[in-house]
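Only one structure is covered here, and it is reproduced in the block below.
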Amino acid sequence: MLATLFMATILLFGIFGYRLLPVSVLPDIDFPTIQVSVSLPGADPTTMASSVALPLEKQFSTISNIDSMSSVNSAGSTQITLQFDLSRDIDAAAQDVQAAISSAAKQLPNDLPTPPSYRKVNPADAPIFYISLTSDTLPLYTVDYYAETIMAERLSMLPGVAQVQVYGSQQYAVRVQVDPVKMAANNIGLDQVSSIISSSNVNLPTGALYGKDIYSSIQAPGQLQNAKEYNDLILTYRNGSPLFLKNIGKAIDSVANNKIAAWYRDKPGIILAIQKQPDTNTIEIVDGIKEVLPLLRRQIPEGVNINIMFDRSISIRESVNDANFTMILALILVVLAIFLFLHNFRSVIIPTIALPLSIVGTFAFMYLFGFSIDNMSLMALTLAMGFVVDDAIVVLENITRHIEAGQNKIQACINGTKEIGFTIVSMTLSLTAVFIPILFMSGILGKLLHELAVVITTAILLSGVISITVTPMLCNVFLKDEKHSTVIPQLDCGISGGIISQAASQDTVVKPRYDKIPLTEKAFEYIKQKYSNSLEVVAEYSKTTMLVFLLVIIATAYLFGLVRKGFMPDSDTGQILIFTEAAQTISFDAMVKEQQQVSDVLLKNPNIESFFSAVGVSGRNSSVNQGTIFISLKPRNQRVGADEVIDQLRSKLNHLVGLKVYIQNVPTITIGGQATKSQYQYTLQGLDQDELFGFSPKLQAKLAATPGFLDVTSDLQMSQPQTLVQIDRYKAAKLGISVEQIQNVLYAAYGAEQISTLYTPTAQYDIILELDPKYQTDSSMLSLVNINSANNTLVPLTTLAKIVNSVGPLSISHFGQLPSVTVSFNLQDGFSISDAVPKVNEAVRELQMPATITGSFQGTAQAFQSSFSDLGLLLGLAVIVIYIILGMLYESFVHPVTILSGLPTAVFGALLTLLIFNSELDMYGFVGLIMLIGIVKKNAIMIIDFALELERTSNKSSKDVILEACTIRFRPIMMTTLAALMGAMPIALGIGSTGAERRSLGLAVVGGLLTSQLLTLYITPIIFLYLEAGKRKLQSVSSHG
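If you read the sequence shown in the UniProt record's numbering, its first letter stands for residue 1, the second for the next number, and so on.
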């Protein structure tokens, strides 16, 4: 009764927890990152770096737990990225950032249009949904209004939505474009025009009238509402006649930033990118967005087209469905493996029920722990199936033996469970101990593997509880209450972590209870007999066996150095990112034309569903010569793989003249806050800027010429044309003109200066002053600029200054407050990051990098370096923990060594399999190695445990007991190993559209199990004999001493 209720409780809470679990691709990893943005239109990169970035960086450097601080300074823009330690609370960090901004305020330029702003970002959390808005009839600033004020605001309020980013913003603005020739003819300067417009467009309080009985507010509208009203504005009077703005220029309805643009496919548009909050369900958020979209469509004019450009939930559903299918397939294969040995439906149905019960129950704990249904947790459950079934089999076998001894079912279930209880506890604890070190890991790897370790540990612990509570109840229901009933063959599965049940150690073994022995049973008995005979031969040549074991260890070390290593495997997320880069001399209009060349190629590719393109200084683009294209591919069953699509595009786009193209397969998780054109980064920083800028091109060229590297580039851009205005301070002072006045006039002419604001009930819009675009084409036009002197006459700029053409930086980067250059690169197929890291270090040494420069890997490359050393430590800790637990259970220093001696053979098989299948030893592969420690250890325990018990209860020699133990335990070892193999086989086959990225784990487990199964059955007994002989010699020496 109690067991039934317990089973019902597990199912109820498991199903309830499953329904509440969020769904995502990987566990939520929150990189505490804050981006600070500062805008100063018209300022060059050098000014932004020195007067904006440096004061802020000095204040930010006082904040605790900052892992890295980098900045990109381009024309009129500075963006500083602060990445904190993973343990840092992002809200507390945001408060520190705000305090630092306030402290730096006095050191920043006074003419900043707005104070520095910051936002909390997570580089690992890419947008989950893209929407494009286009129109064939309405101007883009109208489309932008509906995009930002209706759609973005409404979508940002949906549950789970963190923010809505806008690409290609075309916010409305009135641009006042004046003609310097006409201004000079009418003796009016830019500063005068700016002042008059500003004072003519006001929105000030005007008070109210308070009568005896009536209250009336006073309204005196002082705002100009559109471009036409500005054109009719009277600036001054000349010869008694009004001088209108339209007499010296024009006001037009335009946009605030006309140097950025975005397209949906080949149509200009506005793109909305929606990001989710941490620990939320992507699928639920997307469903909520789709539910509200029809309502938003009704609020937007018919002339605006709304398109869903990308839906992350589609690939997540596919990925989770693949993982679910893999898990179900593993369940079926494990059950078939059990049936292969049990040959009886009544016996098979017991572990078949206990196995999914453990898995379903784990969902309830996943909900309590705040986990999600993702590839990592589902993979953990898939792998756990090969383990959790063992507990049910052990209990089933022991109860069956008691029934065979003549006990009734109820008594057999009670006695059998009591007898095997400590065995189950020992098995469970020794297996879960493998994952203990993972729980204490820090950094990105610890974040990723924490969920896997907890989920698989929970499943194993729950399986242990179910095996001693629910399994006996199931045995009482399904087994026959008859002596000599046909139930299962004797499995000899009475295992313990150092203690073996008396029943299982008896010399008399109950024969298989079948009138007709199945063919598979006959085949197994034949294999067992052959193994027993071969084991006798191996024992005779023990020295040769030990030599083979030594060679395996040497070969394992060799293979470890030979196999390619990586961090996160490439995955097909259905997204591709393209970065474009043109010559540093290119104009915005010319860049638009170059970008359209790429779009023309993309439109012809049949694998592409949609894409958006963006140019201009915004988002990932740090300069005007850069562009970004985000591609959404068709569903996987309608296209080739993402890597093949990239190869197709690269072959077409590399032939474009005047444009460099860098293509990336968007990774499942993005590490690091630096946005670069290629996936891997190596950052140089130095005190001597000249040396830094001289060395970095050499390193870039060296890597580009090194086989294996692809798309090598850097963020160093030092060839932008510049116009230097060298002011003659003496002449200027003599005419009563200050340097500040000259700079202000230049800013008004060429800096798109905001001189006023237009207020509406729903938004605020800029009023921008500039010269007519035809006077902004080259440096010769500066001769037309005039400055008001002290006597109110216009003085040509060329009278006060010398105009010199030069070159300068297009953008300036800092890393840790120092000037920096980041060299980024992609890797060719077959060339892993473990190959690239030493090649980069070798190139640095060969080029003899100056002592003033330091270099370090960033992003994924840095994570690989740190995680690689952590994973080695992790494996070592796992072995040590297992050794300690086995030592306590066996009360021996020797026998744990015997049990763990099979690990080199398992690692050898795992590495060899990865090498044969040309697979990297990545994060998933290392998880496979950790799993092998638990599996191989369990097999060795079955042999050594039985041998020690025989040695204690009989007068047989060490050789006889170990040979007998190997033969008797051959069946349970084969059975548990086959169950583990079946659990890992679907992962090794890479089944499903997303299975390839997890394949290294399955290959490591399957390869390790196959080789360890073959070698351990021969090597472990020989090592046992050698250690037993050594122990006796030590005891003999000690007794004679």
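From the three backbone atoms N, C-alpha and C, an ideal C-beta is built for every residue, glycine too. Source: prediction; values computed, not measured.
Tell me where the beta strand (DSSP E) around residue i begins and ends.
{"i": "F129", "result": "F129 to S135"}
{"i": "K120", "result": "S117 to V121"}
{"i": "D67", "result": "I66 to S74"}
{"i": "N786", "result": "N786 to N788"}
{"i": "E770", "result": "Q764 to L771"}
{"i": "K660", "result": "L659 to N665"}
{"i": "N826", "result": "L818 to L827"}
With DSSP collapsed to three states, give me the class of residue i.
{"i": "L915", "result": "helix"}
{"i": "K259", "result": "coil"}
{"i": "D311", "result": "strand"}
{"i": "Q832", "result": "According to the sequence displayed, residue 832 carries Ser and not Gln. S832: coil per DSSP, three-state reduction."}
{"i": "G855", "result": "strand"}
{"i": "F567", "result": "coil"}
{"i": "E302", "result": "coil"}
{"i": "I803", "result": "strand"}
{"i": "T81", "result": "strand"}
{"i": "D711", "result": "strand"}
{"i": "R639", "result": "coil"}
{"i": "F611", "result": "strand"}
{"i": "F31", "result": "coil"}
{"i": "L40", "result": "coil"}
Report the rounded CA-to-CA distance for residue i versus residue j, giving the unit in angstroms.
{"i": "I188", "j": "L794", "result": "7 angstroms"}
{"i": "K447", "j": "F371", "result": "12 angstroms"}
{"i": "P115", "j": "I289", "result": "33 angstroms"}
{"i": "F345", "j": "V25", "result": "37 angstroms"}
{"i": "P1021", "j": "L963", "result": "7 angstroms"}
{"i": "T1016", "j": "I882", "result": "18 angstroms"}
{"i": "P972", "j": "V334", "result": "14 angstroms"}
{"i": "S832", "j": "Q648", "result": "21 angstroms"}
{"i": "M427", "j": "I460", "result": "10 angstroms"}
{"i": "A256", "j": "L914", "result": "55 angstroms"}
{"i": "I332", "j": "L340", "result": "12 angstroms"}
{"i": "A261", "j": "Q165", "result": "15 angstroms"}
{"i": "Y230", "j": "F588", "result": "27 angstroms"}
{"i": "A749", "j": "S156", "result": "38 angstroms"}
{"i": "N791", "j": "P109", "result": "29 angstroms"}
{"i": "V843", "j": "S571", "result": "The amino acid at residue 843 is misidentified as Val; the sequence shows Ala. Computed Cα separation, rounded: 30 angstroms."}
{"i": "V538", "j": "P904", "result": "19 angstroms"}
Compute the beta-carbon to beta-carbon distance between residue i and residue j, rounded to the nearest angstrom, for a pair I have assumed lies under 8 angstroms.
{"i": "G76", "j": "S39", "result": "6 angstroms"}
{"i": "P437", "j": "L877", "result": "4 angstroms"}
{"i": "L138", "j": "V304", "result": "6 angstroms"}
{"i": "V823", "j": "L703", "result": "7 angstroms"}
{"i": "V552", "j": "F970", "result": "Contact flag wrong, Cβ pair sits at about 21 angstroms."}
{"i": "Q817", "j": "S194", "result": "The Cβ separation is near 36 angstroms, so there is no contact."}
{"i": "I742", "j": "I803", "result": "With a Cβ gap of about 13 angstroms, I742 and I803 do not count as contacting."}
Identify, in the order they occur along the chain, each residue of the same chain with its Cβ nearer than 6 angstroms to the Cβ of residue i, setting aside the five sequence neighbours on each side.
{"i": "K698", "result": "L847"}
{"i": "S37", "result": "Q79 and S117"}
{"i": "L439", "result": "A453"}
{"i": "residue 1045", "result": "Residue 1045 is absent from the structure shown; the chain starts at 1 and stops at 1041."}
{"i": "D30", "result": "N122 and P278"}
{"i": "Y172", "result": "Y141 and Y765"}
Near residue i, which residues of its chain fall below 7 angstroms by C-beta distance, leaving aside the five closest residues on each side in sequence?
{"i": "E609", "result": "S632, L633 and K634"}
{"i": "I899", "result": "L886, K937, A940, I941 and I944"}
{"i": "F6", "result": "T469 and V470"}
Determine the extent of the alpha helix (DSSP H) in which residue i is found, giving its start and end residues.
{"i": "G983", "result": "F970 to A988"}
{"i": "A453", "result": "G443 to S467"}
{"i": "K267", "result": "Premise fails: K267 lies in the beta strand (DSSP E), K267 to K276, not in any alpha helix (DSSP H)."}
{"i": "H814", "result": "No alpha helix (DSSP H) contains H814, which is instead part of the beta strand (DSSP E) from S811 to F815."}
{"i": "Q648", "result": "A642 to L653"}
{"i": "R346", "result": "F345 to L368"}
{"i": "S103", "result": "I90 to A104"}
{"i": "E997", "result": "Segment: none, E997 is in no alpha helix (DSSP H) and carries neither H nor E."}
In chain order, what residues of the same chain have a beta carbon less than 8 angstroms from the beta carbon of residue i, not counting five sequence neighbours either side?
{"i": "D232", "result": "F244, L245 and K246"}
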